[in-house]
Amino acid sequence: MSKKAQYGGFCIITENNNVENMAIHPENTKPKKALAELYPYLDEVIAIAQGKVKIEKKADGDRQAWARIIVSATQAYGKLIEASEIDEVKQRIDALEKTVGKP
């Protein structure tokens with residue numbers, strides 16, 4: 215899939231740090247709406263994974279797998295924040311161009 219993924223529906227982070235869509239829900243047609251809805255899910259994933267890592271009776275391999283999930287969810291969080299900031303900058307540039315006029 216392309217690096218410029220559309221953020222509607224459920225997204226994953228691939229091994230090469232690309233955001234890819236797994237399924238697009240029809241209600242998530244606007245990228246901003248989909249971005250805002252993913253933050254609580256990522257918060258929950260991180261909280262669950264942190265709880266699993268803290269369990270001392272778990273095998274090291276299991277704890278390491280949960281730690282990887284924390285890293286992946288944190289990376290996804292960063293990508294979502296980056297995408298929303300880019301959208302915001304684009305909107306501000308468009309607004310400036312409308313007021314000032316394109317060169």
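Residues in the sequence shown are numbered from 215 upward in steps of one, following our numbering. Every residue, glycine too, gets a C-beta built ideally from N, C-alpha and C.
Straight-line CA distance for Ile300 to Val267? Their Cα atoms are separated by approximately 33 angstroms.
If you measure between the beta carbons of Ala281 and Ile260, is that distance less than 8 angstroms? Cβ atoms of Ala281 and Ile260: not closer than 8 angstroms.
Hey, which unbroken runs of the alpha helix (DSSP H) at 4 residues or more fall wholly within the segment 262 to 317? Those alpha helix (DSSP H) runs which fall completely within the segment 262 to 317 and span 4+ residues are 274 to 314.
Taking buried to mean at least 16 other C-beta atoms within 10 Å of its own C-beta, is Ala263 buried or exposed? buried
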